[in-house]
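Here's the structure, in structure tokens; my notes come after.
2 protein chains.
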Amino acid sequence: MLDERTKKILYAVIHSYINNPEPVGSRYVTKKYDFGVSSATIRNIMADLEELGFLTQPHTSAGRVPTDRGYRYFVDSILKEGYGHLDEDLATTFLSRLQNIRDDIDAYFAEVSALLSRMSNYMGIAQAPKPDVSTFKRIELIRYRGESIAAVLFTNEGLIKHRVIQVDPLFTQKDLNRLSDYLNKEYAGLSIDEVKSLLFKRLRFDKVVLDRLLDKAFKIYEQILSFSEGEIYMEGLLDVLTLPDFADISKIKQIYKAIKDKHIMLKIIDSISKTDGVQVIIGRENEFEELSRCSIVASTYGHSGKKMGVIALIGPTRMDYSKAISMVDFVSNCLTKTFSE
Amino acid sequence: MLDERTKKILYAVIHSYINNPEPVGSRYVTKKYDFGVSSATIRNIMADLEELGFLTQPHTSAGRVPTDRGYRYFVDSILKEGYGHLDEDLATTFLSRLQNIRDDIDAYFAEVSALLSRMSNYMGIAQAPKPDVSTFKRIELIRYRGESIAAVLFTNEGLIKHRVIQVDPLFTQKDLNRLSDYLNKEYAGLSIDEVKSLLFKRLRFDKVVLDRLLDKAFKIYEQILSFSEGEIYMEGLLDVLTLPDFADISKIKQIYKAIKDKHIMLKIIDSISKTDGVQVIIGRENEFEELSRCSIVASTYGHSGKKMGVIALIGPTRMDYSKAISMVDFVSNCLTKTFSE
DNA sequence: TTTTAGCACTCTCACCTTGAGAGTGCTAAT
DNA sequence: ATTAGCACTCTCAAGGTGAGAGTGCTAAAA
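Protein chains in written order, with the numbering used here: chain E, 1 to 341; chain Y, 1 to 341.
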């Protein structure tokens, strides 16, 4: 749709703007990128690109700046024509930093997000495996004071989740042991989703096992097994916030608010987890006005079609997409491998 | 040391500046606060206050602004002459919002920090009870994959802590059960500090109980029982950051960095927990340059001389100290009561 | 001795003007 | 299709100006 030279010029403008967030002028392009034509020609082509919506001018007689649409065209070409592997050094650092904490999921994903951030200078986000697609290992139920018990859930992936649940004060520790033993013996090895759906079907017929506890068992099991999303770890907000792209306070405030808003983050992550592979959401392509000046490069990870979680980078629309995409792709593959054992 | 009228004028300037962060002029004081003297007199007294280091001028011929020392004088008088109770409405809101989550420590302290912040519009900080002064209830040890086990620690206060520990792969679940049974039976009800010191003394003599496990038991127990500080919950950073006091980005960045720095926060909290009662740290009185424009109103909570944790408000030095002090005092008393059962 | 009126002085801030610099669009020539 | 040339536009930093706010000092009044 765009002829080769026009494309090249678009990419040159984007390249320049990514490295240095100042409007790019025709003379600059002529000098820095060797197209073998004069600035006047470049000028005409840039005018064409503006007409097509790929570039825009902040004001008459400033240089040009890529639009969301411009970035989109660029990113699509990266995604279609393939992108390079992540820098060897970065890849090695990444792997070595994670070697020793494989078994502590909290530490592991905190580190993944920190590494994503540090390696890219954007904000790194890593979602721990979603509990409901994880594999049930066992639960422990422990009587606490008065009406509450503590439930601790373990999964094969290494997730450990505890929560406090209100129960009938007449439940004894023995009762609780029966509840947990039943689950631990009969359901270990299934995904938590499967446990849930099977459990509530079977309980009716297994009445004998739990007899008088049955009614209350329903409630307790339900609470223990209901988890919404995997824990989300973020790192590097400050790096993004202090970029020149967000130089004024109102913008900083806006973005900070959106990022801290669990609701918004969950919605974004949820929409990402609907699709496989690396995804790029540029500027206003996402539904939240507050993040209209940000781009998100994200991917799910997980084995054999079972999406376990999401990792992402958030930066300004003026992002080094090529590097970000390679990085997200690499990290997502690592996680997938790691959690397929 | 200051005569009554001079004091009143100092307080008037502080009062005005707290409500509106603009240098306070003599004419303004004359008009808004009725001292029955002319602006010239006020002017002279303000000049005296400046000489004494309680006020300062941003530049010749601007009004005056309180110095850290001015605030200190003001705060000391509040602390000495007593301060009012927290606003009835706020107190009721506070108590009612916490009623239903008493049993879930995480949720509880997250809510405490959120309430502190929302009620004051400053940053609220709440530290959950320190594990080492909490009362040991029980542990569970669970074999995980390969060389790691999960340890879950429960305290009477409602703390639940889990961690993953590397152990000799030859340890069976039965071995682990013996380790946990021993602890659960012999040490329940003691503080974790006591458990630690007793345990390592006694283990030598109780050899029989753990026999061949002894060596490794040492290591495992040590890891399970070693916790540094209580979890710290913070809320409302944005409220503080968007105050006019920190209007430029470099200040925002500085403060953000300091607040997010676990190291700094721990050091501050640690120094607070050395003293009883409400403490106020004003501006440069704290050791961190980054927080030199902030004040901290803090208190420990806990029963009978055993300090369990710290709560605090962080705001600009231009803080409503009176309100902040009442609030921190109130909340600290609530927590103390709650955790004395 | 304390307080006050009056006034000269200082400093900031918002507003304006101005000129340099960067970049464009258009036109006519190549 | 490309280019040189030029008029035009817009921003931005620098310098100048005057209103406004507030002070310090002095001399007189209480």
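All residues carry an ideal CB built from backbone N, CA and C; glycine is no exception.
(Q) I'd like to know whether the C-beta of D104 (chain E) is nearer than 9 Å to at least one C-beta of chain Y. (A) As a position in the first sequence, residue 104 (chain E) is number 104, starting the count at 1. For D104 (chain E), the answer is yes, since a Cβ of chain Y falls inside 9 Å of its Cβ.
Q: Give the DSSP-derived three-state secondary structure of L153 (chain Y) in the structure shown.
A: The residue labelled residue 153 (chain Y) in the question sits at position 153 within the second sequence. Looking at L153 (chain Y) - three-state DSSP - the assignment turns out to be strand.
Q: Step through the CB atoms of chain E and report whether any lies within less than 9 Å of the CB of V331 (chain Y).
A: To locate residue 331 (chain Y), count along the second sequence from 1; it is residue 331. No, because no Cβ of chain E sits closer than 9 Å to the Cβ of V331 (chain Y).
Q. Do E157 (chain E) and M308 (chain E) have their CB atoms nearer than 9 Å?
A. Taking the first sequence and counting its residues from 1, one reaches residue 157 (chain E) at position 157. Taking the first sequence and counting its residues from 1, one reaches residue 308 (chain E) at position 308. Against a cut-off of 9 Å, the Cβ pair of M308 (chain E) and E157 (chain E) comes out as a contact.
Q) By a C-beta neighbour count over all protein chains shown, 10 Å radius and 16 as the cutoff for buried, is Q173 (chain E) buried or exposed? A) Position 173 of the first sequence, counting from 1, holds the residue named residue 173 (chain E). Looking at its Cβ environment, which holds fewer than 16 other Cβ atoms inside 10 Å, Q173 (chain E) is exposed.
Q. Over what stretch of residues does the alpha helix (DSSP H) that includes V240 (chain Y) continue unbroken?
A. As a working note, residue 240 (chain Y) is residue 240 in the second sequence. It spans L237 to L241 - the alpha helix (DSSP H) in which V240 (chain Y) sits, taken as one unbroken run.
Q: With a 10 Å radius around its C-beta and 16 neighbouring C-beta atoms as the bar for buried, classify T92 (chain Y) as buried or exposed.
A: Taking the second sequence and counting its residues from 1, one reaches residue 92 (chain Y) at position 92. Under this definition T92 (chain Y) is an exposed residue.
Q | Within chain Y, partners of T242 (chain E) - CB distance below 8 Å | A | On the first sequence, residue 242 (chain E) is found 242 positions in, with the first residue counted as 1. I249 and K253, listed in chain order.
Q: Determine the closest residue to S180 (chain Y) out of Y:R145, Y:E194 and Y:F136, with distance taken between C-alpha atoms.
A: Reading the second sequence from its first residue, position 180 is the one you call residue 180 (chain Y). Nearest option by C-alpha distance: Y:F136.
Q.
Using a Cβ-Cβ cutoff of less than 6 Å, which residues in the same chain neighbour Y108 (chain Y) once the five nearest sequence positions on both sides are dropped?
A. Translated into positions along the second sequence, residue 108 (chain Y) becomes position 108. Closer than 6 Å at the Cβ level, and outside the excluded window around Y108 (chain Y), lie I101.
Q: Look up Q57 (chain E) in the DSSP assignment and say whether it is helix, strand or coil.
A: Within the first sequence, the letter at position 57 stands for residue 57 (chain E). It is coil, neither helix nor strand.
Q: Step through the CB atoms of chain Y and report whether any lies within less than 9 Å of the CB of H263 (chain E).
A: Position 263 of the first sequence, counted from the start, is the residue given in the question as residue 263 (chain E). So, not an interface residue.
(Q) Tell me which residue opens and which closes the beta strand (DSSP E) that Q166 (chain Y) is part of. (A) In the second sequence, residue 166 (chain Y) corresponds to position 166, counting from 1. Run containing Q166 (chain Y): I160 to Q166, per the beta strand (DSSP E) assignment.
Q. Under 7 Å Cβ-Cβ, which residues of chain E neighbour I160 (chain Y)?
A. Here residue 160 (chain Y) refers to the residue found at position 160 of the second sequence. Here the neighbours are A150 and H162.
Q. With distances taken between CB atoms, is the gap from D193 (chain Y) to D132 (chain Y) smaller than 9 Å?
A. Numbered from its first residue, the second sequence carries residue 193 (chain Y) at position 193. Numbered from its first residue, the second sequence carries residue 132 (chain Y) at position 132. In contact: D193 (chain Y) and D132 (chain Y) (Cβ atoms closer than 9 Å).
Q | Straight-line gap, L183 (chain Y) to Y182 (chain E) (C-alpha atoms, nearest Å) | A | Counted from its first residue, the second sequence places residue 183 (chain Y) at position 183. Counted from its first residue, the first sequence places residue 182 (chain E) at position 182. About 26 Å.
Q.
If the cut-off is 8 Å on Cβ atoms, which residues from the segment 57-77 of chain E count as contacting chain Y, listed in chain order?
A. none
(Q) I'd like to confirm the pairing. Which residues does DSSP put opposite V65 (chain E) in its beta bridges? (A) The residue given as residue 65 (chain E) occupies position 65 in the first sequence. Beta-bridge pairing links V65 (chain E) to E:T56.
Q. K257 (chain E) touches chain Y at which residues, Cβ-Cβ below 9 Å?
A. Counting from one through the first sequence, the residue named residue 257 (chain E) turns up at place 257. Ordered by position in chain Y, the residues that pass the 9 Å Cβ test against K257 (chain E) are L238.
Q) Taking all protein chains shown into account, do 16 or more other C-beta atoms lie within 10 angstroms of the C-beta of R143 (chain Y), making it buried, or fewer, making it exposed? A) Here residue 143 (chain Y) is taken as the residue at index 143 of the second sequence, counted from 1. R143 (chain Y) is buried by the Cβ-count criterion.
Q. Touching or not, the segment 288-306 of chain Y and the segment 35-51 of chain Y, by the rule of three or more beta carbon pairs under 8 Å?
A. no
(Q) To be precise: take each residue of the segment 120-154 of chain Y, compare its Cβ to all Cβ atoms of chain E, and keep it if any distance is under 9 Å. Which residues remain? (A) K137, R138, E140, I142, Y144, R145, G146, E147, S148, A150, V152 and F154
Q: Let me know the secondary structure DSSP gives R138 (chain E) once reduced to three states.
A: Working through the first sequence from its first residue, we reach residue 138 (chain E) at position 138. The answer is strand: DSSP assigns R138 (chain E) an E or B state.
Q. Counting Cβ pairs closer than 8 Å, one from the segment 221-235 of chain E and one from the segment 158-171 of chain E, do we hit at least three?
A. yes
Q. Is the CB of K260 (chain Y) under 9 Å away from at least one CB in chain E?
A. Position 260 of the second sequence, counted from the start, is the residue given in the question as residue 260 (chain Y). Taking Cβ atoms only, chain E reaches closer than 9 Å to K260 (chain Y), which makes this a yes.
Q: Identify, in the order they occur along the chain, each residue of the same chain with its Cβ nearer than 8 Å to the Cβ of M46 (chain Y), setting aside the five sequence neighbours on each side.
A: As a first step, residue 46 (chain Y) must be located in the second sequence, where it is residue number 46. Closer than 8 Å at the Cβ level, and outside the excluded window around M46 (chain Y), lie I9, V13, S26, V29, L55 and R64.
Q. What distance in whole Å lies between the Cβ atoms of V240 (chain Y) and Y122 (chain Y), which are believed to be in contact at a cut-off of 8 Å?
A. Within the second sequence, the letter at position 122 stands for residue 122 (chain Y). Within the second sequence, the letter at position 240 stands for residue 240 (chain Y). Right, their Cβ atoms sit about 6 Å apart.
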